[in-house]
Ligand code: MG
Ligand code: MG
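In my numbering, the protein residues as written are 100 to 353.
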């Protein structure tokens with residue numbers, strides 16, 4: 100069942116989403132060659148608690164940390180490790196917070212030092228696919244319109260679209276209905292209605308679409324070990340139109 104939100108509830112989700120946005124903006128200051136992922140995790144946890152919220156991922160499904168940090172061929176759900184970031188890496192950071200009983204959940208793939216042009220292009224296209232998908236989240240459309248937009252745009256660049264993991268509804272639970280796949284067929288799936296709040300999150304691979312689970316039980320990696328990008332926003336449908344609840348401005352604007 101899809102739980103549609105009132106405008107008051109949407110404002111609470113916006114508050115949580117914006118705290119994630121600010122946390123990702125704070126983390127950007129600490130992302131450079133030599134940075135230690137487990138230390139980034141602690142910075143985020145402290146920042147979130149200092150802002151009167153709880154880390155949304157810590158303990159969820161027994162996940163051991165506040166951030167999912169996924170490097171290069173790691174797609175999502177990476178457990179923060181001790182191994183320093185190196186020049187040329189990309190690092191996807193997914194962050195959740197719980198405040199006033201509502202979740203925020205979004206993600207950004209950062210570059211570390213000088214990154215190969217081909218990989219920069221992957222990041223640009225993945226991020227653009229997210230915004231293209233968001234535009235389709237309007238009354239009169241169906242979820243399949245969002246999904247097919249993301250798939251068609253990224254596949255037109257020759258990239259692989261991960262099938263096993265998808266976006267989702269967002270609210271008092273981190274993962275609510277409906278699923279928001281990054282692949283699909285136009286004019287299929289649930290109709291989009293006012294009060295829908297979702298996390299849209301394309302996970303796009305430079306190579307093949309196939310992924311596998313690493314033996315830590317969490318980290319999802321690409322089968323061909325080529326890099327993968329992940330960008331996620333929280334979006335509400337208000338007066339028929341999509342409205343971003345999260346922002347990348349804290350990351351991208353100094
Ligand atoms: Mg997320
Ligand atoms: Mg999510």
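Every residue gets a Cβ at the ideal spot worked out from N, C-alpha and C, and that includes glycine.
Check                                                                                                                             : Outcome
Beta-carbon contacts of residue 270 that lie in its chain and below 8 Å, excluding the five residues immediately before and after : 102, 104, 108, 112, 201, 202, 296
Inter-residue spacing [alpha-carbon to alpha-carbon] between residue 144 and residue 324                                          : 30 Å
Segment limits, alpha helix (DSSP H) that includes residue 232                                                                    : 216-234
Buried or exposed (CB count within 10 angstroms, at least 16 for buried), residue 241                                             : buried
Unbroken alpha helix (DSSP H) run spanning residue 119, endpoints                                                                 : 106-127
Residue span of the beta strand (DSSP E) that contains residue 198, given as start and end                                        : 189-198
Length of the line joining the Cα atoms of residue 176 and residue 238                                                            : 32 Å
Beta-carbon contacts of residue 178 that lie in its chain and below 7 Å, excluding the five residues immediately before and after : 163, 164, 315, 317, 318
Nearest-angstrom Cβ-Cβ length linking residue 119 and residue 232, presumed shorter than 8 Å                                      : With 8 Å as the limit, residue 119 and residue 232 do not qualify as a contact, their Cβ atoms being about 19 Å apart.
Whole-angstrom distance between residue 313 and residue 326, CA atom to CA atom                                                   : 15 Å
Alpha-carbon spacing of residue 156 relative to residue 257, whole angstroms                                                      : 32 Å
Nearest neighbour of residue 328, chosen from 302, 346, 309, 350 [CA to CA]                                                       : 302
When 149, 253, 292 are compared against residue 342, the one with the closest alpha-carbon                                        : 292
Reduced DSSP secondary structure (H/G/I, E/B, other) of residue 326                                                               : coil
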